[in-house]
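Residue numbers (this note's numbering): 503 to 899. All C-beta atoms in this analysis are idealised placements derived from N, C-alpha and C, irrespective of residue type, glycine included.
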Ligand code: ADP
Ligand code: MG
């Protein structure tokens with residue numbers, strides 16, 4: 503069942519409650535440090551305006567936990583949006599209530615307003631039906647473009663769809679289409695790369711990747727737990743002892759399913775997570791007792807890059823080393839370049855790995871960089887995301 507999209511809606515003269523993801527990084531002065539997320543929502547907002555709709559925007563920012571936090575007001579976001587859209591953005595100082603209602607009531611086709619940070623309201627994260635109804639009363643239609651929150655069932659991205667016809671915006675649609683393509687009809691061979699720090703968070707994804715990938719390349723902190731399961735000594739490296747059994751089970755399952763699950767054969771080690779800590783490369787059977795494995799080594803990079811070059815599809819979550827420190831960023835950067843050069847359809851998802859690919863300077867050569875962190879992971883785990891489920895075309899009109 504496909505989702506409805508804004509192209510399926512009759513928008514002229516309608517008020518559209520539009521959930522976007524303006525959860526942007528901020529400077530110390532509270533201005534917008536990076537406007538990527540705002541720019542990502544512009545195609546949808548512009549389309550709604552061109553079609554003669556009035557646009558009521560809603561977003562969260564940070565984690566205010568149901569109360570007003572002055573530093574998390576959306577004023578700076580409204581200013582940035584106004585600059586990028588070149589249309590006046592009317593800003594309410596409350597989530598819902600008389601001021602918001604009055605602004606929404608007067609809103610004309612071609613005009614834009616922005617509610618206050620929806621997570622200031624205690625009902626937002628509880629998916630309170632009263633709040634969802636209050637959102638719905640402002641508008642005629644609901645459009646969701648906030649893929650990054652799709653794994654959460656909150657009032658502004660799920661609850662409101664109970665009371666209004668719902669459809670996906672362009673960004674949401676693009677995410678769903680690209681991610682769906684990696685789960686179904688992916689061009690073979692499918693190479694999945696999984697890194698990052700927490701094994702426990704990645705087990706679900708790896709399990710699902712066992713069903714769809716031909717090759718799985720592991721790296722980063724979580725690969726240490728797999729190396730441990732194979733009997734290697736990891737020194738002072740990050741290892742999740744309680745996940746060692748799970749790692750062993752996954753390796754057995756991969757063997758049974760004929761999936762080529764690869765572990766690093768060499769790693770960059772150091773005594774501290776620091777550029778000056780004397781990083782050196784060792785084989786995985788020679789990790790010194792007082793050191794930590796912090797990156798994949800050059801032999802591993804070369805073996806992984808060969809497999810990536812032959813891929814039809816590459817899917818990647820989690821960096822392969824501590825990329826924030828240059829001495830341990832080399833493996834991730836080399837693999838990012840290999841993915842960029844490959845002819846494969848490539849989809850990269852996860853806050854840190856996307857930052858690493860940007861650091862490598864190859865972001866524009868990736869087929870799709872997902873805007874979701876947790877949402878992308880849950881999608882790849884094979885779960886139905888509540889924020890997508892409410893957009894499904896029920897065929898009632
Ligand atoms: P993503 O955001 O892409 O899903 P994660 O949040 O799972 O990725 O993991 C990112 C973190 O993993 C980074 O902060 C990185 O420093 C850390 N990391 C990667 N490799 C290692 C390692 N070998 N040891 C410790 N931490 C690591
Ligand atoms: Mg992360």
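Beta-ladder partner(s) of residue 848, from DSSP: 816, per the DSSP bridge assignment.
For the region 545 to 632, which segments carrying the alpha helix (DSSP H) assignment without a break, of at least 4 residues, lie completely within its bounds, in sequence order? Within the region 545 to 632, the complete alpha helix (DSSP H) runs of at least 4 residues fall at 577 to 587, 600 to 608.
Quick check on this structure: which residue in 773, 547, 882, 727 has the alpha carbon closest to the alpha carbon of residue 794? Of the candidates 773, 547, 882, 727, the one whose C-alpha sits nearest the C-alpha of residue 794 is 773.
If you count every other CB in all the chains shown that lies within 10 Å of the CB of residue 743, and 16 or more means buried, which is it? Classification of residue 743: exposed, given that the 10 Å Cβ count is below 16.
Cβ of residue 795 within 7 Å of any heavy atom in ligand 1? For ligand 1, at least one heavy atom lies less than 7 Å from the Cβ of residue 795.
So does the region 775 to 788 actually touch the region 810 to 820, counting three or more Cβ pairs closer than 8 Å? Result no; under three Cβ-Cβ pairs closer than 8 Å.
Segment limits, beta strand (DSSP E) that includes residue 670: Here the beta strand (DSSP E) through residue 670 covers 668 to 670.
I'd like to check one pair, residue 791 with residue 650: are the Cβ atoms closer than 8 Å? No, these two residues do not count as a Cβ contact at 8 Å.
With a cut-off of 5 Å, give the chain-ordered residues whose Cβ is closer than this to any heavy atom of ligand 2. Every residue with a CB closer than 5 Å to a heavy atom of ligand 2 is listed here in chain order: 853, 854.
Under the criterion of a Cβ to heavy atom distance below 7 Å, does residue 470 qualify as lining ligand 1? The chain is shown from 503 up to 899; residue 470 falls before or after that span and cannot be answered.
Looking at C-alpha atoms only, which residue of 529, 543, 746 is the closest neighbour of residue 578? Minimum Cα-Cα distance from residue 578 among the listed residues 529, 543, 746 corresponds to 529.
Member of 531, 526, 549 whose CA lies at the smallest distance from the CA of residue 513: In terms of Cα proximity to residue 513, the closest of 531, 526, 549 is 549.
Looking at the unbroken beta strand (DSSP E) that takes in residue 762, where does it start and where does it end? Looking at the DSSP string, the run of the beta strand (DSSP E) that includes residue 762 is 762 to 764.
Residue 600 and residue 556 closer than 8 Å at C-beta: Cβ distance not < 8 Å, so residue 600 and residue 556 don't count as in contact.
Would residue 638 and residue 666 be called neighbours here (beta carbons separated by less than 8 Å)? In contact: residue 638 and residue 666 (Cβ atoms closer than 8 Å).
If you compare alpha carbons, which of 883, 539, 894 is closest to residue 712? Ranking the options by Cα distance to residue 712, first place goes to 883.
Compute the distance between the beta-carbons of residue 576 and residue 563, then report whether it is under 8 Å. Judged by their CB atoms, residue 576 and residue 563 are nearer to each other than the 8 Å cut-off.
Please classify residue 856: does DSSP put it in a helix, a strand, or coil? In the three-state scheme derived from DSSP, where H, G and I count as helix and E and B as strand, residue 856 is classed as helix.
Does the distance from the CB of residue 520 to the CB of residue 559 come in under 8 Å? For the pair residue 520 and residue 559, the CB atoms are nearer than the 8 Å cut-off.
Let me know the alpha helix (DSSP H) ranges lying completely inside the region 675 to 746, each 4 residues or longer, listed in chain order. Runs of the alpha helix (DSSP H) inside the region 675 to 746: 701 to 714, 722 to 731.
Quick one: residues in its chain with C-beta nearer than 6 Å to the C-beta of residue 663, no 5 flanking neighbours on either side, listed in chain order? Excluding positions up to five away in sequence, the list reads 644, 892.
With a 10 Å radius around its C-beta and 16 neighbouring C-beta atoms as the bar for buried, classify residue 590 as buried or exposed. Burial is judged here by how many other beta carbons sit within 10 angstroms of a residue's own beta carbon; residue 590 has fewer than 16 and is exposed.
Sort out for me which residues DSSP pairs residue 646 with in a bridge. As DSSP reads the structure, residue 646 sits in a beta bridge with 521, 670.
Check whether residue 618 and residue 594 have beta carbons under 8 Å apart: Between residue 618 and residue 594, the C-beta spacing is below 8 Å.
Can you list, in chain order, the stretches of the beta strand (DSSP E) that have 3 or more residues and sit fully within the region 747 to 794? Listed in chain order, the complete beta strand (DSSP E) runs (minimum 3 residues) inside the region 747 to 794 are 762 to 764, 768 to 772, 782 to 785.
Which first and last residues belong to the alpha helix (DSSP H) in which residue 805 is found? Element bounds for residue 805: 800 to 811.
Taking C-beta to C-beta, are residue 841 and residue 796 nearer than 8 Å? No; because the gap between Cβ atoms is not below 8 Å, this pair is not in contact.
Could you name the residues of the same chain whose beta carbon sits closer than 6 Å to that of residue 723, not counting the 5 residues immediately before and after it, in chain order? Excluding sequence neighbours, residue 723 sits near 699, 740.
Tell me whether residue 825 counts as near ligand 1, meaning its Cβ is closer than 7 Å to at least one heavy atom of that ligand. Residue 825 Cβ: within cutoff of ligand 1.
Residue 839 in three-state terms, based on DSSP: Judged by DSSP in its simplified three-state form, residue 839 adopts helix.
Residues bridged to residue 894 [DSSP beta-bridge criterion]: Its beta-bridge partners are 505.
Quick one: grab the DSSP three-state call for residue 797. Residue state, collapsed to three classes: strand.
Taking DSSP as the reference, what is the three-state secondary structure of residue 526? In the three-state scheme derived from DSSP, where H, G and I count as helix and E and B as strand, residue 526 is classed as coil.
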